[in-house]
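In UniProt numbering, the protein residues as written are 1 to 129. Positions of the beta carbon are idealized from the N, C-alpha and C atoms, including for glycine. All remarks here apply to the structure that follows.
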């Protein structure tokens, strides 16, 4: 990652956080998609087999719980509310009104607009690897 520009390093970090993938996968996917985080994320989730053979086995439940806690609603431990969704989007460099965010909500099987239950988030992230 030393040869990357600071903006590219930031995108690699964001991609790794969201997809729970490693640096090599993040750099490969982002470089193949002109360093557009939203496009690379979409491609990764649409065709994960192109980038990883078994990412699910590498999923760390403790890290996933920490990630959930970063976004959870301070008044309701069992959901991520609008503020958490906004932070989630900010961390990923996504516009909350973008199609990418709708795709994420669909992949997470979100029942309510602008929020994820803890189960939806945890299962959604685990299924995405």
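Query                                                                                               : Result
Local Cβ density within 10 Å of residue 74, reported as buried at 16 or more and exposed below that : exposed
Endpoints, alpha helix (DSSP H) assigned at residue 9                                               : 6-19
Euclidean distance between Cα positions of residue 36 and residue 87                                : 19 Å
Residue 113 to residue 97 span [Cα, whole Å]                                                        : 12 Å
Residue 70, enclosing alpha helix (DSSP H) - first and last residue                                 : 61-71
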